[in-house]
Amino acid sequence: MRSRILGTGSYAPKQVLTNADLETMVETSDSWIVERTGIRERRVAAPGEACSDLGVLAAQQALADANVQASQLDLIVVATCTGDSPLPSTASLIQHRLGAVKAAACDISAACCGFVYGLSVADAYVRTGYRYVLVIGAEVMSSIIDWTDRNTCVLFGDGAGAAVVGPTEDDHGILSLHLHSDGRLSDLICVPGGGSRIPPSERMVIDRLPFIKMRGNETFKIAVKTMEDAVREATSAHGFGIDDVDWLVPHQANVRILKAVGQRLRLPLERIAVNLTRYGNTSAASIPLALDEAVKNGTIQTGHVVVMAAFGSGLTWASGIMRW
Ligand code: UT7
4 MRSRILGTGS YAPKQVLTNA DLETMVETSD SWIVERTGIR ERRVAAPGEA
54 CSDLGVLAAQ QALADANVQA SQLDLIVVAT CTGDSPLPST ASLIQHRLGA
104 VKAAACDISA ACCGFVYGLS VADAYVRTGY RYVLVIGAEV MSSIIDWTDR
154 NTCVLFGDGA GAAVVGPTED DHGILSLHLH SDGRLSDLIC VPGGGSRIPP
204 SERMVIDRLP FIKMRGNETF KIAVKTMEDA VREATSAHGF GIDDVDWLVP
254 HQANVRILKA VGQRLRLPLE RIAVNLTRYG NTSAASIPLA LDEAVKNGTI
304 QTGHVVVMAA FGSGLTWASG IMRW
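FYI, our numbering numbers position 69 of the sequence shown as 72, with every residue one higher than the one before it.
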């Protein structure tokens, strides 16, 4: 028996923040952002709109798509680095809002790889007898963005994606998942303050420590290499070549990263799902958001071999391969 994604859903906040809007906030330009990243606009949560609000809407769609009732869920896993608050878990809040009365609930912290890590938890539990597991990637990145830092504020966006995972006995479904991390590179992308190392204080806010910091250029190079390795690991685990991959659904950080990965793999951009143009980098939400779009618009079809690949803070990197 293996696990399979039975239904997907996604949600992005209504408010659109364009590159032109950012030009009025920091010293940047539409042409710089488009040339260096491919991003044209991103979504930003409304004041008071939190991670669980986005996650619930994506989850409701995924449940409807899977034809599964919330009350049938055994487990809810929320991948996020921007949960509603440190305690309780955002998954617990979503469990209550959905009415998933018998589901266990927990959050996973694996940054942009969170959804693939979450799927691995779902896959393992389904293989050992759980019936339905809901995996959500949801982020309000705007809550940890330093809107005065042009190095980062142009990159990120808010959104959520969800998948209901359940058992299957045919040859469709999740073939394998591959997870990695290297904590030596933990300072490449981080939010230094707000945890137990530098607890909340007036000083740390003045020093901009509750906000995301990134050494973009170094991250870029490592991202290309780890994504390439992750895709090769997923395909070779099943004796597949790159030509057997119908769709790569990657973490959406920068279109130049995706082009470089495609070139190294000899995988044309036409077989890579790209939606960062409209959403920016939504961290743990990026893969499920892109997956839901590609499934709903008919790009990904039954029988397709789909590879997911991600990298992010930690450093973490991960991949997964499915027959849709
Ligand atoms: O999901 C999390 C993983 N994160 C990522 O995957 C991000 C990976 N990195 C990247 O996508 C790219 O490195 C960036 C888009 C972040 C930056 O692009 P880059 O080509 O690596 O630029 P750079 O950092 O080398 O900066 C080049 C120049 C610098 O100016 P100087 O020092 O050459 O004068 C920056 O200050 O561009 C400047 N710059 C900007 N200029 C206009 C940086 N941000 C901006 C901006 N607008 N928003």
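Ideal Cβ placement from N, Cα and C applies to all residues, glycine included.
Using only the alpha-carbon positions, how far apart do residue i and residue j sit?
| i | j | result |
| --- | --- | --- |
| Lys17 | Leu261 | 26 Å |
| Ala106 | Ala94 | 10 Å |
| Gly162 | Ile303 | 21 Å |
| Val248 | Val310 | 7 Å |
| Gly132 | Ser123 | 14 Å |
| Met230 | Ala313 | 6 Å |
| Val252 | Leu182 | 16 Å |
| Ile245 | Gln255 | 20 Å |
| Gly315 | Ile192 | 8 Å |
| Asp33 | Gly265 | 25 Å |
| Ile147 | Asn300 | 32 Å |
| Glu44 | Ala23 | 9 Å |
| Glu38 | Gln98 | 41 Å |
| Leu57 | Val298 | 20 Å |
| Ala237 | Pro203 | 41 Å |
| Val136 | Val29 | 42 Å |
| Thr305 | Pro213 | 43 Å |
| Met217 | Arg153 | 11 Å |
| Thr280 | Ile8 | 26 Å |
| Ser179 | Met325 | 7 Å |
| Ile275 | Ile290 | 12 Å |
| Arg269 | Ile225 | 19 Å |
| Ile111 | Thr83 | 7 Å |
| Val19 | Cys115 | 21 Å |
| Leu158 | Ser55 | 22 Å |
| Tyr120 | Gln75 | 22 Å |
Relative to the C-alpha of residue i, which candidate in the options has its C-alpha closest?
| i | options | result |
| --- | --- | --- |
| Ser2 | Pro89, Ser123, Tyr135 and Arg45 | Nothing about residue 2 can be read from this structure; the chain reaches only from 4 to 327. |
| Thr319 | Gly244, Thr285 and Gly186 | Gly186 |
| Val168 | Val37, Ala127 and Ile147 | Ala127 |
| Ala165 | Thr21, Asp295, Tyr282 and Glu30 | Asp295 |
| Val2 | Leu180, Lys228, Ala48 and Ser286 | This structure gives no information on residue 2, because the portion of the chain shown stretches from 4 to 327. |
| Met4 | Asp173, Pro91, Gln63 and Leu137 | Asp173 |
| Thr151 | Ala226, Leu270, Ile215 and Arg46 | Ile215 |
| Asn257 | Ala67, Val227 and Ser239 | Val227 |
| Asp210 | Ile225, Gly197, Asn70 and Ile324 | Gly197 |
| Leu60 | Gly317, Leu96, Thr27 and Ser92 | Leu96 |
| Gly102 | Ser322, Val71, Pro291 and Val308 | Val71 |
| Met207 | Gly10, Thr40 and Asp149 | Asp149 |
| Ala15 | Ala288, Trp327 and Val308 | Ala288 |
| Thr27 | Gly160, Pro271 and Cys156 | Cys156 |
| Thr85 | Ile177, Gly160 and Glu205 | Gly160 |
Could you have a look at residue i and say whether DSSP puts it in helix, strand or coil?
| i | result |
| --- | --- |
| Lys262 | helix |
| His183 | strand |
| Met28 | coil |
| Ser13 | strand |
| Cys84 | coil |
| Trp35 | helix |
| Thr285 | coil |
| Leu272 | helix |
| Met4 | coil |
| Val194 | coil |
| Asp68 | helix |
| Leu78 | strand |
| Lys228 | helix |
| Thr131 | coil |
| Thr319 | strand |
| Ala103 | coil |
| Asp149 | coil |
| Asp295 | helix |
| Ala49 | coil |
| Gly121 | helix |
| Asp56 | helix |
| Ala233 | helix |
Tell me, which residues are paired with residue i by DSSP?
| i | result |
| --- | --- |
| Ile177 | Met325 |
| Thr21 | Glu44 |
| Pro253 | Ala312 |
| Glu142 | Gly162 |
| Val167 | Gly10 and Leu137 |
| Cys116 | In DSSP, Cys116 forms no bridge with anything. |
| Met217 | Ile192 |
| Asp110 | Val81 |
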